[in-house]
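See below for the structure under consideration.
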Amino acid sequence: MFSISAIMTTDLITVTGDQSLDDARILMHDNRIHHLPVVDGDRLIGVVSLTNVLAATDSFLRDPNSRLHARDIPIKDVMISDVATVDKNASLRRAAMFLEKHRIGCLPVLSKGKLVGIITDTDFVGVAINLLEQMESVEPDDF
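Take the sequence shown: its letter number 139 is residue 143 in the working numbering, and every next letter is one higher.
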């Protein structure tokens with residue numbers, strides 16, 4: 005059984021709740037990621053996704069009574085604070101099933117309550133590609 009720690013990202017890019025939506029957007033763009041853990045020190049307090057950033061920016065900017073720039077919107081106002089997490093020793097299969105069942109794109113990974121990584125739907129696509137390549141390498145060439 006492979007555990008989450010085998011494929012999770014540990015070189016984390018995080019934000020704080022007081023940073024702006026514009027900060028999150030720039031970090032996501034520059035690092036080609038779609039999810040940012042929101043932390044207070046070493047404690048996970050939420051997650052902000054590209055979908056959150058786009059939806060919040062769109063709704064705040066479209067409403068003529070609250071025209072705000074993304075740099076004026078704190079992440080804590082749009083982050084998901086009720087975050088599903090996974091332990092670093094959990095099975096990949098159970099985590100993948102959880103992501104699929106709940107239609108979420110990432111799970112922050114905890115060890116003893118501390119944020120140590122993140123696993124995303126993209127990580128599971130990588131696993132699927134690897135497995136398909138392994139299967140193709142053992143298939144006979146003749147049909």
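Positions of the beta carbon are idealized from the N, C-alpha and C atoms, including for glycine.
Between Val43 and Ile84, the C-beta spacing is not below 8 angstroms. Here the stretch 103-112 makes contact with the stretch 75-93; the two share three or more CB pairs at distances below 8 angstroms.
Around the CB of Thr61, 16 or more other CB atoms lie within 10 Å, so the residue is classed as buried. Residue pairing by DSSP places Ile122 opposite Thr13, Pro112 in a beta bridge.
Taking 8 angstroms as the cut-off, the Cβ atoms of Val120 and Thr14 count as close.
In terms of Cβ geometry, Pro41 and Thr20 do not form a close pair [threshold 8 angstroms]. Residue pairing by DSSP places Asp44 opposite Arg47 in a beta bridge. For Ala88, no alpha helix (DSSP H) run applies, since DSSP gives it neither H nor E.
Residue environment analysis places Ile30 among the exposed positions, since fewer than 16 neighbouring C-beta atoms fall within 10 angstroms of its C-beta.
Looking at the DSSP output, Val52 bridges to Leu40. Between Ile123 and Ile8, the beta carbon gap of about 6 angstroms places them in contact (Cβ cut-off 8 angstroms).
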